[in-house]
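Per the working numbering, the very first residue in the sequence shown carries number -8; after that it's consecutive.
Data first, discussion second: the structure below is written as structure tokens.
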Amino acid sequence: MADLLLQLFYFVRPLMFVHVPGRFLGLSPFELGAAILMGVLALAFLLSKPANSRGFDALDSMMMAFVAWCAVVTFIQSEVSDWKWSLRWTLPLVIYILLRRMVRTEKDFMRYLHRLLIGFVLLITSNAVATFLGFGFIATDWVTGVKRHNGVFNDVHTMAHTVGFGLMLVVIYFGLQRAVRQGSPARHGTVLTVMVAAMIPLALYSQVMGNVRTVIVGLLVFLGILLLMTNRRRFVLFSIAVVAVWFTSTFVETIFWDVTGRSSTRGESVEMAGSGRPWIWRHNLEIYADLPVEQKIMGIGVGNEIGVIGANGLITSEYRYRAWESHNDFLSALMELGIVGLGLLLGIFWLWFKTILRLPLTSRALYMSLLGAVVVMNFLSNSYLSRFGLGQLLAMVMIGIHVVPVTQPIRTYLGEWRTLTRYGQSQG
């Protein structure tokens, strides 16, 4: 029963990104669906036999400390904190801790990733069709004139990040399948292979129609790290191609106009590059530097950052002395949760990094690529930490670093090399 509930959890989670208007009992359909899915996960945890068999390690302790710290900050600064934003920070870690105790073997994990991938196929296909037919919100960039479509999602940034994660999931799933079978032909299933093959161009179409630059950079980082760790020659060719496209493509010049232009030929302040990110970061760091010691430790309150531009497009005096939306998850952690919250968060990423280093080469390359891409996107935008659904997807895939096979070659008395898996099974 627990296994079926987990399969349902993995399959439904990406489909919940479909935007449904309206409210019920004060909650949006997305929030209500998230609550129901958490109930499904909790029930699966209670029904899972090995749920209480794994002790706590440093990673569990760091995550639980971060969850507790968010709760403390939200309670003490309740007047300026938002408990829903606190859930954005903490719920993915709670999911991670629970799933880590339920997903025990590579076979189970690959089955859940299979269900997650099917959910993504349905989501990305419906989004591409909706975008092609003109449904959803369509915004025109006031500088470039490029139209940006969010399809079936609530906003264009969530759309692009989610679709980008789906593309990385394809590589991770098929790569792990090969690693689990130790190089032998993987049996993915003809239906799934055809579905994924059809999904990839639809996902790329959605990315082009969304034009979210952070996701483009994240996907390039993902591929770059993967090639660097697996095939140096292809990495060199990939790097040359990226540089050539950067300097010659009109698409790049249009989309990255305030990076290639303002930092070089247009003569404007470099602080305004990347939609003014350096300017926003400097403003928030100055706000943080002027905070009293207790707020430097605890932050200004969970969810207490505001939009950069005030009413009527003006930056009022009230806005000048408030923390703005950081467009940087790590800076948002510092502002909202203080130096302690940021330290705990960086500790989690460091322990993930150390765990990934102990994996076999193929799994190590896949997860290091995912982690590197996520870190870059978190630094350049508010994505996998403060976007509610993305953090959960990351947790659902990242727990694989605890269940992928850890292999060690050994020499038998006959002089033959065999591979000893984590579970003590010797394979030739």
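In this text, a Cβ means the ideal position worked out from N, Cα and C, and glycines have one as well.
For residue j and residue i, the rounded distance between their alpha carbons
i     : j    : result
L(-3) : E97  : 15 Å
L23   : F15  : 8 Å
F420  : M387 : The chain is shown from -8 up to 419; residue 420 falls before or after that span and cannot be answered.
W237  : F247 : 9 Å
M101  : L384 : 15 Å
V11   : A62  : 30 Å
V234  : L32  : 45 Å
I288  : W60  : 11 Å
I367  : G215 : The sequence given here places Val at residue 367; Ile does not occur at that position. Between V367 and G215, the C-alpha separation is close to 12 Å.
H148  : F242 : 19 Å
V120  : L160 : 21 Å
F128  : M150 : 11 Å
W343  : L361 : 11 Å
W423  : V293 : With the chain running from -8 to 419 in the structure shown, residue 423 is simply not present.
V64   : S240 : 47 Å
V162  : V187 : 11 Å
L425  : Q168 : Residue 425 cannot be examined here, being either before or after the span of the chain that is shown, -8 to 419.
D99   : L322 : 37 Å
I66   : L276 : Here the sequence assigns Phe to residue 66, which means Ile is not the residue at that position. Roughly 24 Å between the two C-alpha positions.
G267  : K345 : 34 Å
L(-5) : L34  : 11 Å
V227  : L158 : 22 Å
D146  : R225 : 35 Å
R378  : R79  : 7 Å
V365  : H274 : 24 Å
R139  : T184 : 30 Å
S372  : T181 : 37 Å
A49   : V112 : 36 Å
V208  : N369 : 11 Å
T131  : D281 : 38 Å
Contacting residues, own chain, Cβ-Cβ under 7 Å from residue i (five flanking each side not counted)
i     : result
N295  : V71, S72, A314 and E327
T116  : M190 and L193
M(-8) : L38
V58   : T81, L84 and V85
Y103  : L(-3), Q(-2), Y1 and V94
R204  : I246 and F247
G166  : T353 and L357
Cβ-based neighbour list, residue i, same chain, cut-off 8 Å, excluding 5 preceding and 5 following
i    : result
F2   : R106, L107, I109 and G110
A26  : L18
V9   : L114, S117, V143 and F144
G363 : V212, F213 and I216
Residues near residue i in its chain [Cβ-Cβ closer than 6 Å; skip 5 each side]
i    : result
L210 : G155
I297 : R313
A206 : Position check: residue 206 holds Val in this sequence, whereas Ala was assumed. Closer than 6 Å at the Cβ level, and outside the excluded window around V206, lie A151, H152 and G155.
A324 : G332, L333 and L336
Q68  : G292
Anticipated Cβ contact below 8 Å, residue i with residue j, distance rounded
i    : j    : result
M200 : T122 : 5 Å
H318 : I271 : 6 Å
I347 : I392 : 6 Å
P5   : G13  : The pair is not a contact, with the Cβ atoms about 21 Å apart (cut-off 8 Å).
I390 : Y87  : 6 Å
Residue i beta carbon near the ligand ZN (any heavy atom closer than 7 Å)
i    : result
A324 : In the structure on display, the ligand ZN does not appear, and there are no ligands present to speak of.
Chain C contact for residue i (CB, 8 Å cutoff)
i    : result
D146 : Of the protein chains in the structure, only one exists, and it is not chain C.
Requested in this report: Could you tell me whether the region 352 to 360 touches the region 216 to 223, using the rule of 3 or more Cβ pairs below 8 Å?
Outcome: yes
Query raised in the report: Can we say the region 46 to 53 touches the region 326 to 342, given the rule of at least three CB pairs closer than 8 Å?
Result: yes
Requested in this report: Return the chain-ordered ranges of every alpha helix (DSSP H) run that is complete within the region 267 to 303 and spans a minimum of 4 residues.
Outcome: 284 to 289
Query - 4-residue-minimum alpha helix (DSSP H) runs that sit fully inside the region 20 to 71, ordered along the chain - result: 20 to 38 and 49 to 67
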